[in-house]
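Numbering (the numbering used here), first residue to last: 2 to 210. Quick reminder that beta carbons are idealized off the backbone N, C-alpha and C, glycines included. Being a predicted model, the structure only gives us computed values, none of them experimental.
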Amino acid sequence: MLTYRNGGIFIITIREAQKDDAGQIAPLINIIFKEMELEELEDVPDPAVLKAITAAYQSEAYLSGAATTVVAEANGQVVGVAFGYPDENEQKVDQVLEDATSFSDVFADDPFGSDYEAFRNEWYLDSIVVDPKFQGMGIGGKLLEAIPELAEDDGKNVVGLNVDFENPGAKALYDRHEFKTVGIKKIGDHWYFHMQREVKQLELVRANN
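Structure follows, in C-alpha coordinates:
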(Lines of atoms letter the chains of each structure in order from A and count residues from 1; the text may use other names and numbers.)
(Lines give C-alpha, C1' and ligand atoms only; values in the text may rest on other atoms or scores of the structure.)
Protein backbone atom coordinates (compact mmCIF):
# COMPACT_ATOMS: atom_id res chain seq x y z
CA MET A 1 0.00 0.00 0.00
CA LEU A 2 1.50 3.33 -1.11
CA THR A 3 0.22 6.52 0.53
CA TYR A 4 1.16 10.18 0.84
CA ARG A 5 1.21 12.51 3.87
CA ASN A 6 2.65 16.03 4.20
CA GLY A 7 4.66 15.65 1.02
CA GLY A 8 6.11 12.31 2.09
CA ILE A 9 5.62 8.92 0.48
CA PHE A 10 4.93 6.01 2.79
CA ILE A 11 4.92 2.33 1.93
CA ILE A 12 2.46 0.64 4.32
CA THR A 13 3.01 -3.06 4.97
CA ILE A 14 0.66 -5.27 7.00
CA ARG A 15 2.46 -8.21 8.59
CA GLU A 16 2.46 -10.44 11.64
CA ALA A 17 4.23 -8.88 14.60
CA GLN A 18 7.64 -10.03 15.75
CA LYS A 19 9.14 -9.95 19.24
CA ASP A 20 11.32 -6.97 18.32
CA ASP A 21 8.21 -4.89 17.53
CA ALA A 22 7.00 -4.92 21.14
CA GLY A 23 8.68 -1.65 22.09
CA GLN A 24 6.84 0.17 19.29
CA ILE A 25 3.57 -1.67 19.89
CA ALA A 26 3.39 -0.74 23.59
CA PRO A 27 2.76 3.03 23.26
CA LEU A 28 0.07 2.38 20.65
CA ILE A 29 -1.76 -0.12 22.86
CA ASN A 30 -1.41 2.29 25.77
CA ILE A 31 -3.50 4.78 23.79
CA ILE A 32 -6.39 2.33 24.14
CA PHE A 33 -5.86 1.83 27.87
CA LYS A 34 -5.85 5.60 28.39
CA GLU A 35 -9.11 5.93 26.46
CA MET A 36 -10.66 3.18 28.60
CA GLU A 37 -9.88 5.22 31.75
CA LEU A 38 -9.34 2.14 33.87
CA GLU A 39 -9.47 3.11 37.52
CA GLU A 40 -6.86 0.47 38.36
CA LEU A 41 -4.26 2.25 36.20
CA GLU A 42 -4.91 5.83 37.34
CA ASP A 43 -1.94 5.95 39.71
CA VAL A 44 0.41 3.70 37.73
CA PRO A 45 3.27 5.60 36.04
CA ASP A 46 3.37 5.34 32.24
CA PRO A 47 6.82 3.67 32.19
CA ALA A 48 5.50 0.80 34.31
CA VAL A 49 2.45 0.34 32.09
CA LEU A 50 4.60 0.41 28.96
CA LYS A 51 7.01 -2.13 30.46
CA ALA A 52 4.14 -4.54 31.17
CA ILE A 53 2.62 -4.12 27.70
CA THR A 54 6.02 -4.61 26.07
CA ALA A 55 6.59 -7.83 28.00
CA ALA A 56 3.18 -9.16 26.96
CA TYR A 57 3.80 -8.42 23.27
CA GLN A 58 7.16 -10.15 23.44
CA SER A 59 5.48 -13.38 24.54
CA GLU A 60 4.76 -16.27 22.21
CA ALA A 61 1.18 -16.31 23.52
CA TYR A 62 0.52 -12.82 22.15
CA LEU A 63 2.41 -13.22 18.89
CA SER A 64 1.37 -16.62 17.57
CA GLY A 65 0.00 -18.71 20.41
CA ALA A 66 -3.24 -18.02 22.25
CA ALA A 67 -3.53 -14.77 20.27
CA THR A 68 -2.19 -13.18 17.10
CA THR A 69 -0.82 -9.67 16.61
CA VAL A 70 -0.45 -7.92 13.26
CA VAL A 71 1.15 -4.56 12.67
CA ALA A 72 1.06 -1.86 10.03
CA GLU A 73 4.56 -0.71 9.19
CA ALA A 74 5.35 2.57 7.42
CA ASN A 75 8.90 2.86 6.14
CA GLY A 76 10.16 0.66 8.97
CA GLN A 77 8.06 2.21 11.75
CA VAL A 78 5.15 0.40 13.43
CA VAL A 79 2.19 2.78 13.03
CA GLY A 80 -0.75 0.47 13.68
CA VAL A 81 -1.62 -2.70 15.58
CA ALA A 82 -4.43 -5.26 15.54
CA PHE A 83 -4.59 -7.97 18.18
CA GLY A 84 -7.12 -10.74 18.71
CA TYR A 85 -7.87 -14.34 19.55
CA PRO A 86 -10.56 -17.03 19.62
CA ASP A 87 -13.05 -16.32 22.40
CA GLU A 88 -12.09 -19.45 24.33
CA ASN A 89 -8.55 -18.09 24.75
CA GLU A 90 -9.56 -14.88 26.51
CA GLN A 91 -8.63 -16.03 29.99
CA LYS A 92 -5.19 -17.22 28.83
CA VAL A 93 -4.58 -13.92 27.09
CA ASP A 94 -5.62 -11.87 30.11
CA GLN A 95 -3.33 -13.93 32.33
CA VAL A 96 -0.30 -13.07 30.19
CA LEU A 97 -0.82 -9.35 30.75
CA GLU A 98 -1.52 -9.85 34.44
CA ASP A 99 1.68 -11.89 34.81
CA ALA A 100 3.57 -9.11 33.03
CA THR A 101 2.74 -6.73 35.90
CA SER A 102 4.31 -8.93 38.57
CA PHE A 103 7.62 -7.02 38.41
CA SER A 104 6.18 -4.10 40.40
CA ASP A 105 3.85 -3.52 43.35
CA VAL A 106 2.50 -0.31 41.77
CA PHE A 107 -0.11 -2.42 40.00
CA ALA A 108 -3.39 -3.46 41.61
CA ASP A 109 -4.27 -7.16 41.87
CA ASP A 110 -6.17 -6.97 38.58
CA PRO A 111 -4.75 -3.87 36.89
CA PHE A 112 -6.22 -4.29 33.42
CA GLY A 113 -9.67 -5.46 34.52
CA SER A 114 -11.19 -8.91 34.40
CA ASP A 115 -14.37 -8.20 32.44
CA TYR A 116 -14.95 -10.80 29.75
CA GLU A 117 -15.14 -8.90 26.48
CA ALA A 118 -15.66 -11.58 23.83
CA PHE A 119 -18.93 -13.21 22.83
CA ARG A 120 -19.02 -16.97 22.40
CA ASN A 121 -17.99 -18.60 19.13
CA GLU A 122 -16.20 -15.61 17.66
CA TRP A 123 -12.68 -14.49 16.86
CA TYR A 124 -12.40 -11.47 19.10
CA LEU A 125 -10.60 -8.39 17.82
CA ASP A 126 -9.42 -7.20 21.22
CA SER A 127 -7.46 -4.15 20.09
CA ILE A 128 -6.96 -2.12 16.94
CA VAL A 129 -5.16 1.21 16.96
CA VAL A 130 -3.36 3.52 14.54
CA ASP A 131 -0.74 6.10 15.46
CA PRO A 132 -2.59 9.47 15.53
CA LYS A 133 0.02 10.94 13.14
CA PHE A 134 -0.94 8.30 10.56
CA GLN A 135 -4.71 8.32 10.92
CA GLY A 136 -6.83 9.13 7.90
CA MET A 137 -4.58 7.13 5.57
CA GLY A 138 -6.69 3.96 5.42
CA ILE A 139 -4.41 1.99 7.74
CA GLY A 140 -7.21 0.94 10.10
CA GLY A 141 -9.12 -0.49 7.17
CA LYS A 142 -6.07 -2.41 5.96
CA LEU A 143 -5.59 -3.91 9.40
CA LEU A 144 -9.23 -4.98 9.41
CA GLU A 145 -8.76 -6.65 6.04
CA ALA A 146 -6.06 -8.87 7.55
CA ILE A 147 -8.41 -10.28 10.18
CA PRO A 148 -10.52 -12.81 8.19
CA GLU A 149 -7.54 -15.02 7.42
CA LEU A 150 -6.52 -15.03 11.08
CA ALA A 151 -10.03 -15.97 12.16
CA GLU A 152 -10.25 -18.76 9.60
CA ASP A 153 -6.86 -20.11 10.68
CA ASP A 154 -8.31 -20.37 14.20
CA GLY A 155 -11.47 -22.09 12.95
CA LYS A 156 -13.81 -19.15 13.50
CA ASN A 157 -16.51 -17.93 11.11
CA VAL A 158 -17.37 -14.71 12.96
CA VAL A 159 -15.24 -11.73 13.99
CA GLY A 160 -16.38 -9.67 16.97
CA LEU A 161 -15.20 -6.45 18.56
CA ASN A 162 -16.21 -3.79 21.07
CA VAL A 163 -16.33 -0.08 20.28
CA ASP A 164 -16.81 2.66 22.86
CA PHE A 165 -20.07 4.60 22.76
CA GLU A 166 -17.84 7.71 22.84
CA ASN A 167 -15.83 6.77 19.73
CA PRO A 168 -18.13 7.41 16.75
CA GLY A 169 -15.20 7.61 14.36
CA ALA A 170 -14.18 4.02 15.06
CA LYS A 171 -17.77 2.84 14.88
CA ALA A 172 -18.10 4.49 11.46
CA LEU A 173 -15.07 2.48 10.26
CA TYR A 174 -16.68 -0.76 11.42
CA ASP A 175 -19.99 0.24 9.87
CA ARG A 176 -18.21 0.76 6.54
CA HIS A 177 -16.81 -2.75 6.86
CA GLU A 178 -20.36 -3.98 7.46
CA PHE A 179 -20.06 -4.96 11.11
CA LYS A 180 -23.44 -5.08 12.83
CA THR A 181 -24.23 -4.24 16.45
CA VAL A 182 -25.36 -7.39 18.26
CA GLY A 183 -25.26 -6.20 21.87
CA ILE A 184 -23.76 -3.82 24.38
CA LYS A 185 -21.20 -4.42 27.14
CA LYS A 186 -19.83 -2.45 30.06
CA ILE A 187 -16.06 -2.70 30.37
CA GLY A 188 -14.61 -0.78 33.27
CA ASP A 189 -16.64 2.42 33.50
CA HIS A 190 -17.40 2.68 29.78
CA TRP A 191 -20.21 1.24 27.67
CA TYR A 192 -19.42 -0.42 24.34
CA PHE A 193 -21.29 -1.62 21.28
CA HIS A 194 -20.45 -5.25 20.57
CA MET A 195 -20.29 -5.69 16.80
CA GLN A 196 -19.86 -8.78 14.65
CA ARG A 197 -19.23 -9.68 11.03
CA GLU A 198 -19.09 -13.03 9.31
CA VAL A 199 -15.66 -13.87 7.94
CA LYS A 200 -16.92 -14.54 4.42
CA GLN A 201 -18.63 -11.13 4.34
CA LEU A 202 -15.44 -9.44 5.52
CA GLU A 203 -13.60 -11.13 2.67
CA LEU A 204 -16.15 -9.72 0.22
CA VAL A 205 -15.63 -6.23 1.59
CA ARG A 206 -11.87 -6.67 1.18
CA ALA A 207 -12.29 -7.92 -2.40
CA ASN A 208 -14.43 -4.92 -3.33
CA ASN A 209 -12.01 -2.31 -1.93
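Simplified DSSP assignment, three categories, for residue i
i	result
R216	This structure does not reach residue 216, given that the chain is present from 2 up to 210, and the question cannot be answered.
D127	strand
T55	helix
K157	coil
A152	helix
N122	coil
A27	helix
V50	helix
L39	coil
F108	coil
D116	coil
D44	coil
N-terminal and C-terminal residue of the alpha helix (DSSP H) that residue i is part of
i	result
E146	I140 to E146
L64	E61 to L64
F84	Premise fails: F84 lies in the beta strand (DSSP E), Q78 to P87, not in any alpha helix (DSSP H).
R177	P169 to R177
K134	Unbroken run through K134: none, as it is neither H nor E.
V97	E91 to D100
Expected contact under 8 Å - CB spacing of residue i and residue j to nearest Å
i	j	result
F194	V164	5 Å
V97	A83	Their Cβ separation, rounded to whole angstroms, is 17 Å, which puts V97 and A83 out of contact at 8 Å.
T69	G85	7 Å
A62	K93	7 Å
I32	I54	Not quite, the Cβ-Cβ distance comes to about 11 Å (not below 8 Å), so this is no contact.
E123	D88	5 Å
A75	I13	5 Å
M196	K181	6 Å
K143	A73	6 Å
Q136	V79	Going by Cβ atoms, the distance from Q136 to V79 rounds to 14 Å, so no, they are not a contact pair.
One or two residues paired with residue i in a DSSP bridge
i	result
E17	V71
N163	H195
Bounding residues of the beta strand (DSSP E) (the contiguous stretch that carries residue i)
i	result
G1	As displayed, the chain neither begins before 2 nor continues past 210, which places residue 1 out of reach and without an answer.
Residue-chain proximity (residue i, chain C), Cβ-Cβ < 9 Å
i	result
S60	Absent here is chain C; the protein component of the structure consists of one chain.
Residue i Cβ short of 8 Å to the ligand COA heavy atom set
i	result
P87	Although the ligand COA was asked about, the structure shown includes no ligands whatsoever.
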